[in-house]
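Chemist:
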Amino acid sequence: MTLLELIARADERGLAASAVACLDRCLPPPEDGDDGPEPLRPLWAGCERGAEWAARLDAAHAALEGGAGRDATTARVRALLATAPRDFAAGPLRAWADACSLLALDIHRESDFPAGDSARTAEACRADGAVGGGPLVTGELRRQSAILEGLAETAGTPGGAAGLRRALDLSTEGRRVLRAVMSRRARGRGRPGDVTP
Numbered sequence: 087m088t089l090l091e092l093i094a095r096a097d098e099r100g101l102a103a104s105a106v107a108c109l110d111r112c113l114p115p116p117e118d119g120d121d122g123p124e125p126l127r128p129l130w131a132g133c134e135r136g137a138e139w140a141a142r143l144d145a146a147h148a149a150l151e152g153g154a155g156r157d158a159t160t161a162r163v164r165a166l167l168a169t170a171p172r173d174f175a176a177g178p179l180r181a182w183a184d185a186c187s188l189l190a191l192d193i194h195r196e197s198d199f200p201a202g203d204s205a206r207t208a209e210a211c212r213a214d215g216a217v218g219g220g221p222l223v224t225g226e227l228r229r230q231s232a233i234l235e236g237l238a239e240t241a242g243t244p245g246g247a248a249g250l251r252r253a254l255d256l257s258t259e260g261r262r263v264l265r266a267v268m269s270r271r272a273r274g275r276g277r278p279g280d281v282t283p
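Offset between the sequence shown (1-based) and the working numbering: plus 86.
(1) A248: which of I93, G100 and P221 sits nearest, CA to CA?
(2) Assign T169 to buried or exposed, taking buried as 16 or more other Cβ atoms, counted over all protein chains shown, within 10 Å of its Cβ.
(3) Should G260 go down as buried or exposed, given a rule of 16 or more other Cβ atoms within 10 Å for buried?
(4) How would you write the range of the alpha helix (DSSP H) that P128 sits in, first residue to last?
(5) Would V223 and R265 be called neighbours here (beta carbons separated by less than 7 Å)?
(6) Answer yes or no: do R164 and L179 have a C-beta to C-beta separation smaller than 7 Å?
(7) For R262, is the classification buried or exposed, using 16 other Cβ atoms within 10 angstroms of its Cβ as the cut-off for buried?
(8) Go through its chain and collect everything with a Cβ distance to I107's Cβ below 6 Å, but skip five positions before and after it.
(9) Would you call L212 buried or exposed, if buried means 16 or more other Cβ atoms sit within 10 Å of its Cβ?
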């Protein structure tokens, strides 16, 4: 199935986890270099059954407002987190997950082409498998699909928690790749394709 089909068929658990994963891996490292808790991690615990979902959203938003960075990427993640539905239901979560998917792909596209020399949009890349979208976009598309597929396979099973752990592992791997590219570029040595996703 395509990424769009996976999003269309996902249940509330898969939608919430995939959305949080998209935002989580796009956050740049803290400006002070502190490797403390990631601000969106409390949301992961609420993805299985929606436990304390609204309260966890508030906590994550407060953590981002409280010093997780003031750069443009963090601002985009913060703005999209603010639109998250407070009801843990498939309908509103699907629209949010779709928006988070697009944001993650757009951030990866911009990292593939920092000079803005690609006319490809995130929507276009998602529609045709990232043809011409660059290695980071291709890796991000693959990662989003793998997360949704894994969550769908473990939905309603005793191994449901394992599906969430796998999604977290995939997201953590993706965040390391993107941060490595951003770090190299900030030091003036990075070029598109320096890091393979």
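Cβ atoms here follow ideal geometry from the backbone N, Cα and C, with glycine treated the same way. None of these values were measured; they are calculated from a predicted model.
Modeler: On the basis of the data shown:
(1) The candidate whose alpha carbon is nearest that of A248 is G100.
(2) That one is exposed.
(3) By the 16-neighbour rule on beta-carbons within 10 angstroms, G260 is buried.
(4) Per DSSP, P128 belongs to the alpha helix (DSSP H) from R127 to W130.
(5) Annotated as distal: V223 and R265, with beta-carbon spacing of 7 Å or more.
(6) No, Cβ-Cβ distance for R164 and L179 is not below 7 Å.
(7) Exposure of R262 is indicated by the presence of fewer than 16 other C-beta atoms within 10 angstroms of its C-beta.
(8) Contrary to the premise, residue 107 reads as Ala rather than Ile in this sequence. Within the same chain, and ignoring the five residues on either side of A107 in sequence, the residues whose Cβ sits closer than 6 Å to its Cβ are I233, A253 and S257.
(9) Here residue 212 is Arg; the residue named in the question, Leu, does not match the sequence. Burial call: buried.
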